[in-house]
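Numbering (the working numbering), first residue to last: 11 to 443. Where a beta carbon is used, it is the ideal one built from N, C-alpha and C, also for glycine.
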């Protein structure tokens, strides 16, 4: 074996006359169909000659690979051209929007419209479309339980993309539909902190059809305030958001022509309002004010939306005590129960608990542990359990906000709050279902 170098074959050096050829069939365990002596080998593997004809008869492996890819490409073109239309996928164009989610039930085709297109101040400086916030997808949830689950557990395909509930879909209502839903109740009262203050601001944007100043008391704004609080800034700038509309009575008193619902539904007379109750224990003056604002007529339908958490640093025990205190104030004023157990023939008074949205990248560092996203998710899950024990409906907003803009790391902008407002309206719409 003297004279061998790295790479020489042991069998080729020691047994020069041995036939050690191994083709692919040998390596895969298959026997040759012909003899492996030199003469048979010359018949199976003719010498390569320098001619075009021989090259075409025995193309290199790379050309075979190219041929395979061309065949796959051809099959893909045939599938897209002829088979895809048969599968029910029909992308459609609605104005400037491409509907990307496949086929849509005929009953929902009418929802492929921008309901904000005719709103006041809609334009280049305030260009918000309802189709950028939500696009109809599949069937609408048939009851409020499935609706709340779907809205709480959905997601977005990309940052600030339209929100998609999971399992079944919510609806994006027109202004007339919003007014009709609210008009079923004598009072819709929101109770909570600044997050719910933003939600009622978005509801007022809808019932006033005003993207520029619909959520704030613009009737007493100076020119500087109008410049400072326009469009998204009515939510994003704190000095503007604290001037939100606290009740429809204020609009009727100061700017009645801006309210669209009485124009669309002549007998519309809903008291939409918010009571800011953020701390626990609840101060005595806040208790008195809240009780005073609740209509005591038991024949008048009412609904309550509650929101709490950040002011008590997401402490579940404190939040549960806050929830029970608020329910204790509601029950005697309405003459209705909020926490019925078992198979009682009486209906629970409609109450929705809305837990806080996700934390954003601008969340102050000192709150990242106690109010970061891990704490937010745990709080949402824990409060969902506590709400269920009290027969109170629950809407989680962490999923709908984790890929959305939070201008200060805590609060959502007008787009996010319009989605929250529409979620509340979907809940209200299904209370009788």
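query, result
"Whether residue 296 touches residue 199 by CB criterion (8 Å)", "no"
"Residue from 274, 413, 358 and 145 whose Cα sits closest to the Cα of residue 369", "413"
"Strand pairing of residue 254, partner residues [DSSP]", "226"
"Contact belief for residue 361 with residue 434 at Cβ below 8 Å, rounded distance in angstroms", "The pair is not a contact, with the Cβ atoms about 12 Å apart (cut-off 8 Å)."
"Whether residue 348 touches residue 304 by CB criterion (8 Å)", "no"
"Between the CA atoms of residue 86 and residue 251 - distance to the nearest angstrom", "54 Å"
"For residue 419 and residue 246, the rounded distance between their alpha carbons", "11 Å"
"Inter-residue spacing [alpha-carbon to alpha-carbon] between residue 159 and residue 248", "32 Å"
"Under the three-state DSSP convention, the category residue 239 falls into", "coil"
"Beta-carbon spacing of residue 148, residue 178 below 8 Å", "yes"
"Selected residue, minimal CA-CA separation from residue 318, among 327, 310 and 312", "327"
"Cβ neighbour criterion (16 or more within 10 Å) applied to residue 129", "buried"
"Neighbourhood of residue 398 by C-beta distance below 8 Å, restricted to the same chain and skipping five residues each side", "404"
"Residue 215 and residue 202 closer than 8 Å at C-beta", "no"
"C-alpha distance - residue 275 paired with residue 189, whole-angstrom precision", "8 Å"
"Beta-carbon spacing of residue 425, residue 138 below 8 Å", "yes"
"Proximity of residue 430 and residue 407 at Cβ, strictly below 8 Å", "yes"
"Burial state of residue 77 (16 or more Cβ within 10 Å)", "exposed"
"Cα-Cα separation between residue 313 and residue 197, rounded to whole angstroms", "6 Å"
"Nonlocal neighbours in the same chain, by C-beta distance under 8 Å from residue 219, ignoring five residues either side", "128, 129, 130, 185 and 270"
"Range covered by the alpha helix (DSSP H) that runs through residue 384", "383-399"
"The beta strand (DSSP E) enclosing residue 312, as first and last residue numbers", "312-316"
"CB contact flag (residue 180, residue 436, <8 Å)", "yes"
"Sequence-distant residues of its chain with Cβ nearer than 7 Å to residue 409 (five each side left out)", "162, 163, 164 and 165"
"Buried versus exposed, by CB contacts within 10 Å (16 or more), residue 253", "buried"
"Residue from 380, 124 and 363 with nearest C-alpha to residue 395", "363"
"Residue 282 - partner residues in DSSP beta bridges", "198"
"CB-CB length for residue 205 against residue 366, believed under 8 Å", "6 Å"
"Sheet register partners of residue 7 (DSSP bridge)", "Absent from the model: residue 7. The displayed extent of the chain is 11 to 443, so no value can be given."
"Environment of residue 233 [buried if 16+ CB atoms lie within 10 Å]", "exposed"
"Three-way DSSP call (helix, strand, coil) for residue 272 in this model", "helix"
"Residue environment, residue 243, which counts as buried when at least 16 other CB atoms sit within 10 Å", "buried"
"Span of the alpha helix (DSSP H) around residue 210", "204-218"
"Sequence-distant residues of the same chain with beta carbon closer than 6 Å to residue 212, five excluded per side", "427, 428 and 431"
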